Amino acid sequence: MPVLDLDHLKRIVGNEPAFLRQVLQIFIRNTPQDMQALSESVASENLEQVSFFAHKLKSAAGAIGYNNAYEDFKHLEILAKNRAPIDEISEKVQKLSNECMSCMVDIEEIMNKL
């Protein structure tokens, strides 16, 4: 299964390679900062902020067709809103952080092929 559903992204923004690269570049630029803020929110046990950043990252992942992350961030958002144990949330955030960082390499490769 491909990392991104490029057809989804193309339906949203069109099939112009330069614009597709620009949208993916925004994701690559913003995601590490948002993941850091999410991790800090978990460390301070601020579930409202965890929910906020999970929602933000869910939206970003969904916009570019990163469907696995979309579902995982959606689940994380629900966990935070339902005030799940912080250990469960922390484990999910660590998993997502690792997945997102490895996905960045795949997205860079996709951008280079556009």
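Residues 286 to 399 (our numbering) make up the sequence shown, in order.
Backbone N, C-alpha and C define an ideal beta-carbon position, used for all residues, glycine too.
Please read all numbers here as calculations on a predicted model, not as lab measurements.
Asked: Separation of L305 from K295, as counted between CA atoms; Found: 8 Å
Asked: Separation of I371 from S326, as counted between CA atoms; Found: 11 Å
Asked: L309 vs M386 beta-carbon contact at 8 Å; Found: no
Asked: Short Cβ contact (8 Å threshold) for Y351 with V390; Found: no
Asked: Per-residue DSSP class, three states only, for A328; Found: helix
Asked: Terminal residues of the alpha helix (DSSP H) in which Y355 lies; Found: N352 to K366
Asked: Per-residue DSSP class, three states only, for P317; Found: helix
Asked: Status (buried if at least 16 other CB within 10 Å, exposed otherwise) for I374; Found: buried
Asked: E333 in three-state terms, based on DSSP; Found: helix
Asked: C-beta contact flag for L342 and L323 at 8 Å; Found: yes
Asked: Closer than 8 Å to chain C by CB, M389; Found: Here there is only one protein chain, and chain C is not present.
Asked: Exposure label - K380; buried when at least 16 CB within 10 Å; Found: exposed
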